[in-house]
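See structure below.
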Amino acid sequence: MTVVDVNRAIEEIWRMESAKLIACLTHLLRDVGIAEDIAHDALIVALEKWPNIGIPDNPGAWLMTVAKRRAIDLIRRTKKRDQKYTEHARGTDLYTEEDVGLVVNEEIGDELLRLIFMTCHPVLSQEARVALTLRLLCGLTTDEIARSFLLSESTVAQRIVRAKRTLRSENVPFEVPATEDRKERLSTVLEVIYLMFNEGYAATSGDQWVRPLLCQEALRLGRVLAEIAQSESEVHGLVALMEIQSSRLKTRVNAKGEPILLMDQNRAQWDRLLIRRGLAALERCERIGVPLGQYAIQAKISACHAEAHSVEETNWIRIAALYEALYRISPSPIVELNHAVAVSMAFGPSIGLQLVDELGREPSLQEYHLLYSVRGDLLFKLGRMDDARIEFEHAASMTKNEKEKSLLMSRAKECES
Amino acid sequence: MRFMMIVKATADSEAGVMPSQELIDAMQKYNEELVKAGVLLAADGLQPSSSGLRISYPERGGKAKVVDGPFTEVKELIAGYTLIEVKSREEAIQWALRMPDPHGFGHGEIELRQVFEAEEIMENPIHLMKERELRKKAEEQQKA
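Shown next, in the form of structure tokens:
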């Protein structure tokens, strides 16, 4: 291997190990910022040594050993009188390079879980949670995060620095929340992961329809979480939802990068492997035997589409019923709008239009372009071309996504002929 | 991106000799590691080629020729595969390097291959044409 190859291999190994390193170091040091710095130090040591001595057989354990030794050095050097720190330093033996076998996998799972509860802590803003999670748990660079969200690198860097500072000043503990808070805190974690996924799945602005990196990271993190929090039904629900939605990722755009709607997608190209994984995750979720949460119900809706060979063969009645169930546990006008679409597919466009018109009076939906796009579609199906065109044009003027805008404009044009 | 780690067959795997408990444990631990890292998509072991068969088309446009296993060129046979989804080629290599010697005794060989992504296929006019042809054929067969 050339030096360049070795360096790339080292960086990749570090990326694979960094979340585990940071999690374990945060446990030792109680400060996620310092933990990240020390994990970086370990990377630098590896970059110095590995090109000469070769990549060790167990590189993760090697990095962990170096990082832990540095952490303990730091604790001793700063000689903090803080009771917790000194106890820790006394209670933890100095690691040597022969101790590579000491890293216990199950414990790492717990540390990772604590870390994700920390990076998704409610004291942080939503954007800060996402940025910090991508950085510390997914090992993305500031630049990669910035590009994924179309932000400047300095904005993201600042966001991360501030988030770490807030965690410190608010004394956010490194722990899995107690039972009474756990459900609520877990839903915050899931929200962050799903936000990441959605940001990747349908970019809200800019001319790129899908940003696969974010989808992949969210899915991967979801899969990791499903392993370290196996008893949580909603974790499996979210994973199922993301797996099934990802199965369509590649059919959502055509060769020109224009969006293709679910109904027009080439179902033969849906990724059967991901669908199967999604259905399996849904099964795990249902086996836990608690009432299904919002992600699980959405996954079931997604599964209805995945299992249908064509739009016509889709069980729209079941989908409409599932949207109703979803509305009961997490009411929102958007869920109602989706319900209306399902009803129109099951029972005809005129009933759908009736529901959509009622929804149109909802103030929160006034600014939502999909309301007009759905209304346009229903009017189109009813043959009211002029009315449909006006709706599509209105919808197009409201979306910030260029590709979506052009799709809506072409639908408006369709109404003229 | 997806990669397939293909485990090559050996005389033992072809003879249906089960691997040692030690190796089974090591493989299981490795698979668990893949799952915990969120990278494992699928993994399977294949039965010996004696229960398989080969279909070939020796003549252009001619009939399929079917030959029953076992097949002799052991080193070219596949004993199993592990499909992973990772960020980069380097990461795939790192995972492949962590797989235990799949047969023990210094007989193991792992081949790492990248899976074509749908968009790569979509961008490629030849693949697109082939796809269209296949679809047409399938539709015609359905009608017939």
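Just so you know, the protein sequences line up as chains A and B, in that order. Mapping the first sequence onto the working numbering, position 209 (from 1) lands on 209, and the numbers just tick up by one. Mapping the second sequence onto the working numbering, position 79 (from 1) lands on 79, and the numbers just tick up by one. We put the CB at the ideal spot given by N, CA and C, even for glycine. These numbers were taken from a predicted model, which means no experiment stands behind them.
- Interface with chain B (9 Å Cβ-Cβ cutoff): A9(A) is included.
- For the segment 34-58 of chain B, the set of positions with a beta-carbon nearer than 9 Å to some beta-carbon of chain A reads V35, K36, A37, G38, V39, L40, L41, A42 in chain order.
- Contact annotation, Y323(A) with A342(A): C-beta distance approximately 6 Å; criterion of less than 8 Å satisfied.
- Listed along the chain, the chain B residues whose CB falls inside 8 Å of the CB of R267(A) amount to none; the nearest CB is some 12 Å away.
- Only exposed fits N171(A), as fewer than 16 other CB atoms lie within 10 angstroms of its CB.
- Nearest CB-CB separation between Q94(B) and chain A: below the 9 Å threshold.
- The CB of L273(A) comes closer than 7 Å to the CB of L41, A42 in chain B, given here in chain order.
- For K63(B), no Cβ of chain A is located within less than 9 Å of the residue's own Cβ.
- Under the three-state reduction of DSSP output, R54(B) falls in the strand class.
- Of all C-beta pairs linking the segment 349-356 of chain A to the segment 369-381 of chain A, three or more are shorter than 8 Å, placing the two stretches in contact.
- Look at T179(A) here: in three-state DSSP terms it is helix.
- Contact with chain A is absent for L23(B), since none of that chain's Cβ atoms lies less than 9 Å from the residue's Cβ.
- Restricting attention to I116(A), A9(A), L21(A), S18(A), the CA atom closest to the CA of W95(B) is found in A9(A).
- Within the segment 219-236 of chain A, contact with chain B at the beta-carbon level (separation under 9 Å) is assigned to L219, R220, L221, G222, R223, V224, L225, A226, E227, I228.
- Distance check between P333(A) and each of C304(A), E180(A), Q366(A) places Q366(A) closest, using alpha-carbon atoms only.
- For F3(B), the uninterrupted beta strand (DSSP E) run begins and ends at 2-8, by DSSP.
- For I53(A), no chain B residue has a C-beta closer than 9 Å to its own C-beta; the minimum C-beta separation is roughly 16 Å.
- Look at the segment 69-92 of chain B: the residues with a C-beta under 8 Å from a C-beta of chain A are L83, E85, K87, S88, E90, E91.
- The residues G80, Y81, in chain order, have a CB closer than 7 Å to that of D44(B) in the same chain once the five nearest residues on each side in sequence are set aside.
- DSSP, read as helix, strand or coil, puts Q47(B) in coil.
- Under the 9 Å criterion on CB atoms, E12(A) is classed as interfacial with respect to chain B.
- Among the residues facing chain B, P291(A) is not included, as its CB has no counterpart in that chain under 9 Å away.
- In the displayed model, L23(B) falls within a helix according to three-state DSSP.
- With contacts defined by Cβ atoms closer than 9 Å, R168(A) and G278(A) do not form a contacting pair.
- When DSSP states are grouped into helix, strand and coil, I78(B) belongs to the strand group.
- Of all C-beta pairs linking the segment 240-254 of chain A to the segment 296-307 of chain A, three or more are shorter than 8 Å, placing the two stretches in contact.
- Between A11(B) and P100(B) the beta-carbon gap is near 19 Å, outside 8 Å, which marks them as no contact.
- Straight across, the Cα-Cα distance linking T119(A) with A35(A) is about 13 Å.
- Here L28(A) has A71 as same chain residues with Cβ atoms under 6 Å from its own Cβ, once five neighbours each way along the sequence are excluded.
- A residue is called buried once 16 or more other Cβ atoms fall within 10 Å of its Cβ, and V3(A), having fewer, is exposed.
- Comparing C-alpha distances from V115(B) to each of R54(B), K8(B), I84(B) shows the shortest one belongs to I84(B).
- For R15(A), no beta strand (DSSP E) run applies; the uninterrupted alpha helix (DSSP H) run containing it begins and ends at 3-29, by DSSP.
- The Cβ atoms of A19(A) and L115(A) lie closer than 9 Å to each other.
- The Cβ of G109(A) sits closer than 9 Å to at least one Cβ of chain B.
- Per DSSP, D57(A) has no beta-bridge partner at all.
- No Cβ-Cβ contact shorter than 9 Å links I6(B) with E90(B).
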